[in-house]
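All remarks here apply to the structure that follows.
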Amino acid sequence: MNRFIMTAAAGILAATTAHAGVTESDLKNDQTMTNQVVTNGMGRHLQRYSPLDTINKENVDNLVPAWAFSMGGEKQRGQEAQPIVYDGVMYVTGSYSRMYAIDVMTGKELWQYDARLPEGILPCCDVINRGAAIYGDNIYFGTLDARIVALDRKTGKVAWRKKIADYKAGYSYTAAPLIVDGKIIVGNSGGEFGIVGMVYAYDADNGDLIWTRPMIEGHMGTYMGKESTMTGELNATWPGDMWKTGGGATWLGGSYDADTDTLVFGAGNPAPWNSHLRNAGTPVDGNKGDNLYAASRVGIDPENGEIKWHFQTTPREGWDYDGVNEVVAYTDRSGNKRYATADRNGYFYVLNREDGAFVSASPFVKDISWASGIDETGRPIFVEENRPGNPAASADGKKGEVIFASPSFLGGKNWMPMAFSQKTGNFYVPSNEWGMDIWNEPITYKKGAAYLGAGFTIKPNYEDHIGSLKAIDPETGEWKWEFKNDAPLWGGVMTTAGGLVFFGTPEGEFIALDDETGEKLWSFQTGSGIVGQPITWEMDGEQYVSIVSGSGGAVPLWGGEVAKKVNYLNQGGMVWTFKVPRQMAQN
Ligand code: CA
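To convert, take the position in the sequence shown, counting from 1, and add 132; that gives this note's numbering.
Following this line, the structure appears as structure tokens:
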């Protein structure tokens, strides 16, 4: 019943604004308006929780395909998108910066848009895209040449198209954009090329730039075309000119906490990877080598781009532990308003939503080697001998000491989003149990060239599994259960009021688990690997579930010894949509 009241309220609001189509109210109430999915994360808090329970533990074994859609062509790899569903249409992005509009009832294509990509784009980690954003009568997405494109949602015609940054310098864009109060808010990719991480807000109507906020101290923000404020304090935590090419890419986009009116974006690794070049290799003069705000989460005012707070998960970063993983706003069982994030560095953090202050941290993978724990201020307790050595200290100055570090640089968890269940109060975290040999090398910055100063080989930590989906109690850090998978998990998770946890594996299985026990209740082989993100919605009283299937992403490209667990898998590009036939859903 709630749904109909909400829909009516949204309709009234729409009538009083200039916008047809999707309104701010639609975006705000995405979780409870279960007949559509209009945000990345199924709510801008990124909970990926649906209050729908038509499909539940009792009847999920009756879940069958309703339709499947091929993305076609020869560009079949790395399908990481979350679909959007609005007004009878599903919008899904594909690899190589493509977008499709599909009749959500039948699976028939309505239109397709292919971005014309220039020669020389520099995506680090496959030609992927993670999804669209919708507002008014436009549907938006980022392209691999670092542009944002607005398309008419009915025709697929370009409404506007803006350059975010220079692809020749290594910038690209792959995350789903975030829309708040008529502003479309995006980040940038390119942390392996010595770019500078930035958050950008554009007017969703015409693409005019409203503000920018760099993530590296010393760089100036802008507001309405003029300089606003400096990020941090010049050279407070960076030596010399290293901040100028300091990394901190905002490549996974952000979340929005409506209760505190705060955008939360993460910043990736400081550049280059060789931490000794950034004073991070040994503790120098207090926190001089922390390299703010790389490897941090940053709370930002959506109105003007000013920083409200920051929390650095990995100061003195030296293992490529990007701080970009999604920050989920939720209320715990005791009624506390919290953020949670599962960092690349292997720790699950809980922060206070008012000010980003540290509440707790606990390991969500088994063999963390670079730190022995997190202290009461939220700062890691470093294991100094587990930092890759300084090449300048080696006999020929060319290669520092090789160490084995866990987790690997692809992280205890990478980009693939976790889910929070309002039903159980637990988080469901797609993690990987792996480590790496890593060493440092000399490097100097050169525009458009990889800026690492490091070499590496990823290795599994266990014979029988790398992937590990864990149910985690955010109040205690306790693991309620663990579901092991041979290959590394690389796709998103979704929970429902029906007591189900949906996710896919690189081996191609789309799976529903029991949210309380981790027991496998249902699975379906989709024909290629799953690195996409599930959604659910209802239409004419029936609940639907969709997932994109198509192998790829960073693991086959960067996985070292681990790549053999996935590189035999067939490429693909299919949207699968499922439902429980009406008669079988009634129990
Ligand atoms: Ca990185």
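Built from N, CA and C at the ideal position, the CB exists for glycine as well.
In this text the structure is predicted, and so the values were computed from the model without any measurement.
Nearest to residue i (by Cα), restricted to the options the options
| i | options | result |
| --- | --- | --- |
| residue 591 | 696, 469, 223, 641 | 696 |
| residue 464 | 424, 559, 586, 198 | 559 |
| residue 342 | 357, 496, 299 | 357 |
| residue 256 | 177, 323, 659, 633 | 323 |
| residue 360 | 282, 529, 439 | 439 |
| residue 564 | 675, 350, 541, 650 | 541 |
| residue 254 | 327, 222, 509 | 327 |
| residue 330 | 376, 470, 285, 287 | 376 |
| residue 475 | 485, 497, 467 | 497 |
| residue 364 | 344, 350, 174 | 350 |
| residue 491 | 501, 478, 469 | 469 |
| residue 443 | 455, 672, 450, 436 | 455 |
| residue 522 | 401, 701, 221, 571 | 571 |
| residue 543 | 446, 478, 683, 535 | 478 |
| residue 227 | 708, 152, 700, 685 | 685 |
Helix, strand or coil at residue i [DSSP, three-state]
| i | result |
| --- | --- |
| residue 137 | Residue placement at residue 137 is poorly supported in this model, since its pLDDT is 44, which falls under 50; the coordinates are not used for a value here. |
| residue 708 | strand |
| residue 143 | In this prediction, residue 143 scores a pLDDT of 45, lower than 50, which makes its location untrustworthy; the coordinate-derived value is nonetheless stated afterwards. Residue 143 falls in the helix class under three-state DSSP. |
| residue 694 | helix |
| residue 470 | strand |
| residue 582 | coil |
| residue 569 | strand |
| residue 518 | helix |
| residue 221 | strand |
| residue 714 | helix |
| residue 410 | helix |
| residue 663 | coil |
| residue 148 | Because the pLDDT at residue 148 is just 44, under 50, the model does not fix this residue reliably, and the value given afterwards should be weighed accordingly. It is helical. |
| residue 160 | helix |
| residue 496 | coil |
| residue 194 | helix |
| residue 587 | strand |
| residue 533 | coil |
| residue 689 | helix |
| residue 508 | coil |
| residue 455 | strand |
| residue 552 | strand |
| residue 562 | strand |
| residue 541 | coil |
| residue 461 | strand |
Neighbourhood of residue i by C-beta, 6 Å cutoff - its chain only, sequence neighbours within 5 removed
| i | result |
| --- | --- |
| residue 624 | 548, 549, 665 |
| residue 107 | Any answer about residue 107 is impossible in this case: the structure gives the chain only from 133 up to 719. |
| residue 409 | none |
| residue 362 | 352 |
| residue 312 | 388, 434 |
| residue 554 | 181 |
| residue 247 | 229, 275 |
| residue 183 | 629 |
| residue 219 | none |
| residue 386 | 310, 395, 396, 397 |
| residue 711 | 198, 674, 676 |
Residue i beta carbon near ligand 1 (any heavy atom closer than 7 Å)
| i | result |
| --- | --- |
| residue 349 | no |
| residue 401 | yes |
| residue 324 | yes |
| residue 672 | no |
| residue 748 | In the structure as shown, the chain begins at 133 and stops at 719. Residue 748 is therefore absent and cannot be evaluated. |
| residue 373 | no |
| residue 258 | no |
| residue 766 | Outside the shown range of the chain (133 to 719) lies residue 766, about which nothing can therefore be said. |
Close beta carbons around residue i, own chain, < 7 Å, minus the five adjacent residues each side
| i | result |
| --- | --- |
| residue 294 | 279, 280, 334, 339 |
| residue 524 | 408 |
| residue 441 | 431, 487, 488 |
| residue 582 | 324, 325 |
8 Å CB neighbourhood of residue i in its chain, flanking five on each side removed
| i | result |
| --- | --- |
| residue 596 | 616, 618 |
| residue 507 | 513 |
| residue 632 | 187, 188, 189, 192, 644, 645, 646, 647, 653 |
| residue 480 | 472, 473, 474, 493, 494, 495, 496, 559, 561, 604, 606, 609 |
Any C-beta of chain B under 8 Å from that of residue i
| i | result |
| --- | --- |
| residue 411 | Although the question refers to chain B, the structure presented lacks it and comprises just one protein chain. |
Only counting runs of 3 or more residues, tell me where the beta strand (DSSP E) segments fall wholly within the stretch 621-655, in order along the chain. Under the rule that a run must span 3 or more residues, the beta strand (DSSP E) segments found entirely inside the stretch 621-655 read 625-628, 632-636, 641-646.
**Asked** Which ranges would you report for the beta strand (DSSP E) in the stretch 328-408 if only whole runs of at least 3 residues count?
**Response** Taking only runs of at least 3 residues, the beta strand (DSSP E) segments lying wholly in the stretch 328-408 are 330-335, 341-346, 352-355, 358-362, 386-389, 394-398.
| request: Scan the stretch 224-306 and note each continuous beta strand (DSSP E) run of 3 residues or more that stays entirely inside, going in chain order. | output: The DSSP assignment places complete beta strand (DSSP E) segments of no fewer than 3 residues inside the stretch 224-306 at 230-235, 241-246, 265-267, 270-275, 279-284, 290-295, in order along the chain.
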